[in-house]
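>
Number of protein chains: 2
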Amino acid sequence: MSNPQKTEGEAAATTGKPAMRDSLIAAAFQLFLDRGYEQTTIDDIVGLAGVGRRSFFRYFPSKEDVVFPDHEQCLADMTAFLQDSADTDDPVLKVCDAARLVLRMYAENPTFSVQRYRLTRKVPGLRAYELSVVWRYERTLADYLRGRFAARKDGTLRADVVAAAVVAAHNHGLRSWLRANGQGDAEAEVDHALEYVRNAWPAKPQAQPAVEEEEDDVVVVIAKRSTPMWRVVRDVEASLRRD
Amino acid sequence: MSNPQKTEGEAAATTGKPAMRDSLIAAAFQLFLDRGYEQTTIDDIVGLAGVGRRSFFRYFPSKEDVVFPDHEQCLADMTAFLQDSADTDDPVLKVCDAARLVLRMYAENPTFSVQRYRLTRKVPGLRAYELSVVWRYERTLADYLRGRFAARKDGTLRADVVAAAVVAAHNHGLRSWLRANGQGDAEAEVDHALEYVRNAWPAKPQAQPAVEEEEDDVVVVIAKRSTPMWRVVRDVEASLRRD
Chain X
1 MSNPQKTEGE
11 AAATTGKPAM
21 RDSLIAAAFQ
31 LFLDRGYEQT
41 TIDDIVGLAG
51 VGRRSFFRYF
61 PSKEDVVFPD
71 HEQCLADMTA
81 FLQDSADTDD
91 PVLKVCDAAR
101 LVLRMYAENP
111 TFSVQRYRLT
121 RKVPGLRAYE
131 LSVVWRYERT
141 LADYLRGRFA
151 ARKDGTLRAD
161 VVAAAVVAAH
171 NHGLRSWLRA
181 NGQGDAEAEV
191 DHALEYVRNA
201 WPAKPQAQPA
211 VEEEEDDVVV
221 VIAKRSTPMW
231 RVVRDVEASL
241 RRD
Chain C
1 MSNPQKTEGE
11 AAATTGKPAM
21 RDSLIAAAFQ
31 LFLDRGYEQT
41 TIDDIVGLAG
51 VGRRSFFRYF
61 PSKEDVVFPD
71 HEQCLADMTA
81 FLQDSADTDD
91 PVLKVCDAAR
101 LVLRMYAENP
111 TFSVQRYRLT
121 RKVPGLRAYE
131 LSVVWRYERT
141 LADYLRGRFA
151 ARKDGTLRAD
161 VVAAAVVAAH
171 NHGLRSWLRA
181 NGQGDAEAEV
191 DHALEYVRNA
201 WPAKPQAQPA
211 VEEEEDDVVV
221 VIAKRSTPMW
231 RVVRDVEASL
241 RRD
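Residue numbers (the UniProt record's numbering), protein chains in the order written: chain X, 1 to 243; chain C, 1 to 243.
1) Please state whether DSSP places Gln-183/X in a helix, a strand or coil.
2) Please state whether the Cβ-Cβ distance between Glu-38/C and Val-161/C is less than 8 Å.
3) If you drop the 5 nearest sequence neighbours on each side, which residues of the same chain put their C-beta closer than 6 Å to that of Leu-82/C?
4) Using the Cβ count rule (16 or more neighbours within 10 Å means buried), how would you classify Phe-57/X?
5) Are the CB atoms of Ala-159/C and Arg-146/C within a distance shorter than 8 Å?
6) Closer than 8 Å by C-beta to Val-95/C: which residues in its own chain qualify, once you throw out the five before and the five after it? Chain order, please.
7) Could you give the residue range of the alpha helix (DSSP H) that holds Gly-125/X?
8) Give me the residue from Ala-19/X, Leu-174/X, Tyr-117/X with the minimum Cα distance to Val-190/X.
9) From Leu-48/X to Ile-42/C, what does the alpha carbon distance come to, in whole angstroms?
10) If we count Cβ pairs, one from each stretch, closer than 8 Å, do we get three or more for the stretch 99-114 of chain C versus the stretch 170-188 of chain C?
11) Could you tell me whether any Cβ in chain C is nearer than 8 Å to the Cβ of Ala-165/X?
12) Closest by CA to Leu-31/X, which one among Arg-53/X, Arg-198/X, Lys-63/X, Asp-90/X?
13) Within 10 angstroms of its Cβ, does Thr-40/C collect 16 or more other Cβ (buried), or is it exposed?
14) How would you write the range of the alpha helix (DSSP H) that Glu-72/C sits in, first residue to last?
15) What distance in whole Å lies between the Cβ atoms of Val-114/C and Asn-199/C, which are believed to be in contact at a cut-off of 8 Å?
16) How would you label Asp-22/C, buried or exposed, when you count the other beta carbons within 10 angstroms and need 16 or more for buried?
17) Can you tell me which of Pro-202/C, Trp-201/C, Ala-193/C puts its alpha carbon nearest to the alpha carbon of Arg-100/C?
18) Any idea what DSSP makes of Trp-177/X, helix, strand or coil?
19) Rounding to the nearest angstrom, what Cα-Cα distance links Trp-177/C and Gln-183/C in this structure?
20) Between the Cα of Thr-120/C and the Cα atoms of Phe-60/C, Asp-90/C, Tyr-196/C, Arg-179/C, which residue gives the shortest distance?
21) What residue range is occupied by the uninterrupted alpha helix (DSSP H) comprising Tyr-106/X?
22) Looking at C-alpha atoms only, which residue of His-172/C, Ala-151/C, Met-78/C, Asp-90/C is the closest neighbour of Val-102/C?
23) Less than 8 Å between C-beta atoms, sequence neighbours within five positions excluded: which residues of the same chain meet that for Gly-52/C?
24) Using a Cβ-Cβ cut-off of 7 Å (strictly less than) and excluding sequence neighbours within five positions of Ala-169/C, which residues of its own chain qualify?
25) Does DSSP classify Glu-38/X as helix, strand or coil?
26) Name the chain C residues that come within less than 8 Å of Ser-132/X, Cβ to Cβ?
27) Can you find a CB in chain X that lies within less than 8 Å of the CB of Leu-174/C?
28) Within its chain, find whatever has a CB closer than 6 Å to the CB of residue 246/C; leave out the 5 residues flanking it on each side and keep chain order.
29) I need the straight-line Cα distance from Ala-26/C to Asp-89/X, nearest angstrom please.
30) Per DSSP, what kind of secondary structure is Ser-62/C in: helix, strand or coil?
31) Measure from the C-beta of Leu-157/C to each C-beta in chain X and report whether the shortest distance is under 8 Å.
32) Hey, does Trp-201/C have any beta-carbon neighbour from chain X nearer than 8 Å?
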């Protein structure tokens with residue numbers, strides 16, 4: 001049950017969690033980086049961490065799970081965050097904020113996140129695992145949106161498409177940051193990407209700046225070209241006078 | 001090398017392909033449905049198909065691959081379709097058409113597609129396989145869009161988000177049809193879903209119906225409410241007279 005110094009350090013994924021779990025993660029990543037993921041056995045990991053095999057399986061169902069130790073907690077946090085939502089929240093803004101929870105998990109530990117990103121690119125099994133995690137985030141967002149869009153025509157379609165777009169934008173920003181070795185501002189990258197999605201489905205049909213509208217609002221008159229002039233003028237006058 | 005009648009029938013995935021490959025697919029699905037996917041071995045499949053083990057591996061790298069026998073060809077078709085694209089093609093329309101190639105593969109054989117859908121829901125390993133295939137379709141569409149949007153600001157972001165939205169819409173339509181046991185019009189379902197994505201990123205900024213414009217076009221006058229009436233009337237008159 002020792003927790004030797006050599007297994008701690010910058011590869012530890014999280015802080016404030018059980019020390020044994022952290023030391024298993026640290027030992028696993030040290031071995032994955034030194035000798036490769038496929039070449040590392042669970043026995044190697046528990047040997048380096050100085051714990052028994054059963055301890056490993058108390059925290060992780062498989063070797064793959066130790067690579068992504070925080071996604072279950074993040075999925076639970078995301079679900080709670082969305083359940084806590086008010087009916088007045090804009091649904092698209094809300095799922096963008098929910099996606100930012102994932103980013104924050106990555107950004108909390110840049111070194112670990114970048115190491116994992118490189119590992120995941122190299123090992124097809126981990127890539128598949130990651131896709132299944134991404135799918136669960138997407139379904140969590142889509143389920144929330146389906147509830148919020150329940151009364152709308154094509155509500156489930158809208159929910160699925162918006163959730164996919166939010167996840168794609170988030171991952172675009174996240175990957176840019178990971179590819180840059182965790183340098184730069186991850187939040188700014190993802191905010192920019194999510195802004196693009198918000199513009200595709202704006203909160204209001206017309207995104208006119210509200211302040212200007214109060215100061216000097218705009219009248220729009222639409223008329224067929226064949227409309228007699230007197231009728232157009234009457235309509236314009238009526239529009240201008242209406243409060 | 002025999003190809004017994006009992007392994008043929010409606011479960012055969014494709015026509016016009018090597019008979020041995022088809023009979024392996026048919027045998028595999030008969031066994032998957034009768035005794036379950038996990039309980040079926042490759043030996044069982046080759047036994048029922050009446051071929052040797054080596055013949056199986058000539059066509060399929062693994063048991064999972066026999067469940068999705070046509071995706072590799074469909075991915076190749078999609079890549080060729082997109083490479084064959086002209087620079088004048090609207091990129092979003094083009095990827096929607098590319099996604100329809102996948103739908104057509106499913107719609108060609110409703111019984112097989114519905115059986116596989118049910119199987120995939122039940123077996124986590126197949127679900128993971130399917131996610132990795134969906135990811136490859138999405139990357140194929142995104143890579144094409146990245147090329148087409150190369151000169152645009154945020155071109156790669158736009159490409160990734162549009163590709164994800166197209167795939168989500170396509171899969172929404174496809175799943176509706178599969179859940180309805182392959183009854184109904186799969187193409188109409190998917191067309192409707194893709195239309196939703198096209199409306200989010202329209203080909204032109206204004207999608208006015210061209211025909212109506214010719215018959216009796218419309219004049220739009222926009223004025224601040226504080227504009228003097230004489231100026232509004234002058235602008236309206238000018239608009240109505242302009243050819």
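Beta carbons are placed, not taken as given, at the ideal position from N, Cα and C, and that holds for glycine. This one's a predicted model, so the numbers in the text were calculated from it and none came from an experiment.
Looking at the coordinates:
1) coil
2) no
3) Ala-98, Tyr-144
4) exposed
5) yes
6) Leu-82, Leu-141, Tyr-144, Leu-145, Val-162, Ala-163, Val-166
7) 124-148
8) Leu-174/X
9) 38 Å
10) yes
11) yes
12) Lys-63/X
13) buried
14) 71-83
15) Not confirmed; about 30 Å, so no contact.
16) buried
17) Ala-193/C
18) helix
19) 7 Å
20) Arg-179/C
21) 91-107
22) Met-78/C
23) Val-46
24) Ala-193, Leu-194, Tyr-196, Val-197
25) coil
26) Arg-127, Ala-128, Leu-131
27) no
28) Lying outside 1 to 243, the shown extent of chain C, residue 246/C is not represented and no answer is given.
29) 51 Å
30) coil
31) yes
32) yes
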